[in-house]
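J.: Residue numbers (our numbering): 46 to 305.
Encoded structure:
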């Protein structure tokens with residue numbers, strides 16, 4: 046089989062390793078079936094697209110809405126490389142799933158306004174599929190409403206015509222979207238179960254997503270959340286694009302929803 050490619054930007058070795066393991070566990074892929082680029086350590090470089098079934102961009106401590114003079118050289122390099130990659134991904138309509146950071150990177154690539162208006166603290170929230178989401182090949186097997194873990198400083202506040210909104214939440218209008226037929230992004234984290242979310246919260250207690258004094262409360266609340274339906278996004282992405290056995294899907298007939 047053709048492997049999938051995971052791109053991550055976690056600077057901490059233990060967090061990065063746990064993230065790769067979580068994607069393997071919830072996609073059902075073996076480690077050798079989910080090749081891994083740590084973009085914080087090495088250049089993404091040219092991608093040999095025919096080699097892969099699809100690409101997953103994991104979440105990140107980086108944010109596209111941060112002023113450039115506050116970004117590290119590594120973050121600026123990663124943004125530039127991802128921009129070049131997305132040029133090819135969108136042009137090819139190549140199977141791609143961006144998680145959390147993917148909303149910012151793909152959104153800004155498409156001309157969306159990405160800012161701090163709809164940031165959400167680390168928690169489980171109720172996600173609702175839009176009409177387009179209920180018809181979408183990747184999401185239509187999910188329940189129309191489900192819980193998922195979030196935690197992000199930025200989100201899309203204005204949606205361009207090229208983006209089809211697939212899911213929303215009460216506090217964040219764009220929780221998932223599609224560009225073309227095969228390029229997806231979710232604001233929520235389908236790779237996080239309760240154990241992984243707890244570990245992530247502890248690792249990022251001082252990164253501005255929430256007050257460090259709230260760690261125990263956030264974890265206690267998370268333990269009562271059932272986010273299993275959100276994990277289906279990863280399984281469906283692998284099922285849909287394994288070996289690109291369906292090629293790149295033709296146009297999906299659905300309306301374009303806009304956030305206000």
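All C-beta atoms, glycine included, are put in the ideal place defined by N, C-alpha and C.
Being a predicted model, the structure only gives us computed values, none of them experimental.
Assuming residue 142 contacts residue 101 (C-beta within less than 8 Å), just tell me the rounded distance between them.
T.: Their Cβ separation, rounded to whole angstroms, is 5 Å, which keeps residue 142 and residue 101 in contact under 8 Å.
J.: What are the complete beta strand (DSSP E) segments, minimum 3 residues, inside the segment 159-236?
T.: As far as the segment 159-236 is concerned, its whole beta strand (DSSP E) runs of at least 3 residues are 165-174, 190-197, 200-203, 208-214, 217-224 and 228-231.
J.: If distances are taken between C-alpha atoms only, which option among 149, 165 and 153 comes closest to residue 263?
T.: Here the closest residue by C-alpha is 165.
J.: Whole angstroms is fine: what's the gap from residue 257's alpha carbon to residue 121's?
T.: Their backbone Cα atoms lie some 28 Å apart in a straight line.
J.: So if DSSP puts residue 101 in a beta bridge, which residue, or which two residues, is it bridged to?
T.: Bridge partners of residue 101: 51 and 142.
J.: Where residue 212 and residue 220 are concerned, what is the direct C-alpha to C-alpha distance, given to the nearest angstrom?
T.: Their Cα atoms are separated by approximately 5 Å.
J.: My output table needs one value for residue 86: the three-state DSSP class, helix, strand or coil.
T.: DSSP places residue 86 in coil when its eight states are reduced to three.
J.: How is the alpha helix (DSSP H) around residue 282 delimited, first residue to last?
T.: It spans 277-286 - the alpha helix (DSSP H) in which residue 282 sits, taken as one unbroken run.
J.: Please state whether the Cβ-Cβ distance between residue 203 and residue 149 is less than 8 Å.
T.: No.
J.: Which of helix, strand or coil does DSSP assign to residue 79?
T.: It is a strand residue.
J.: Quick check: the segment 75-90 against the segment 51-60, are there 3 or more CB pairs under 8 Å?
T.: Cβ pair count under 8 Å is three or more, so yes.
J.: Between which residues of its own chain and residue 61 is the CB-CB distance below 7 Å, once the five residues before and five after are set aside?
T.: Answer for residue 61: 53, 55 and 83, listed in chain order.
J.: Is it buried or exposed, residue 186, if we count other Cβ atoms within 10 angstroms and call 16 or more buried?
T.: Flag for residue 186 reads exposed.
J.: Can you have a look at residue 223 and say buried or exposed, based on whether 16 or more other CB atoms are within 10 angstroms of its CB?
T.: Classification for residue 223: buried.
J.: Can you give the beta carbon distance from residue 230 to residue 151, rounded, assuming they're within the 8 Å contact cut?
T.: Going by Cβ atoms, the distance from residue 230 to residue 151 rounds to 5 Å, so yes, they are a contact pair.
J.: Buried or exposed: residue 75, going by 16 or more other Cβ atoms within 10 Å of its Cβ?
T.: Exposed.
J.: Kindly give me the distance between the Cβ atoms of residue 110 and residue 144, rounded to whole angstroms, as I take these residues to be in contact under 8 Å.
T.: Not a contact, Cβ separation roughly 17 Å.
J.: Which of the three DSSP states, helix, strand or coil, is assigned to residue 156?
T.: In the structure shown, residue 156 sits in coil (DSSP, three-state: anything other than H, G, I, E or B).
J.: If we count the other Cβ atoms within 10 Å of its Cβ and call it buried at 16 or more, is residue 125 buried or exposed?
T.: Residue 125 should be labelled exposed.
J.: Please state whether DSSP places residue 262 in a helix, a strand or coil.
T.: The answer is helix: DSSP assigns residue 262 an H, G or I state.
J.: Go through its chain and collect everything with a Cβ distance to residue 146's Cβ below 6 Å, but skip five positions before and after it.
T.: Once the five neighbours on either side are set aside, the close Cβ partners of residue 146 are 104 and 105.
J.: Can you list, in chain order, the residues of its chain whose CB lies under 6 Å from that of residue 194, leaving out five sequence neighbours each side?
T.: Excluding residues within five positions, the ones whose Cβ falls inside 6 Å are 169, 234, 237, 242 and 272.
J.: Using CA atoms only, rank isn't needed, just tell me which of 90, 70, 73 and 65 is closest to residue 80.
T.: Among 90, 70, 73 and 65, the Cα nearest to that of residue 80 is on 65.
J.: Distance check for residue 127 and residue 304, CA to CA, integer angstroms please.
T.: In this prediction, residue 304 scores a pLDDT of 35, lower than 50, which makes its location untrustworthy; no coordinate-derived value is stated.
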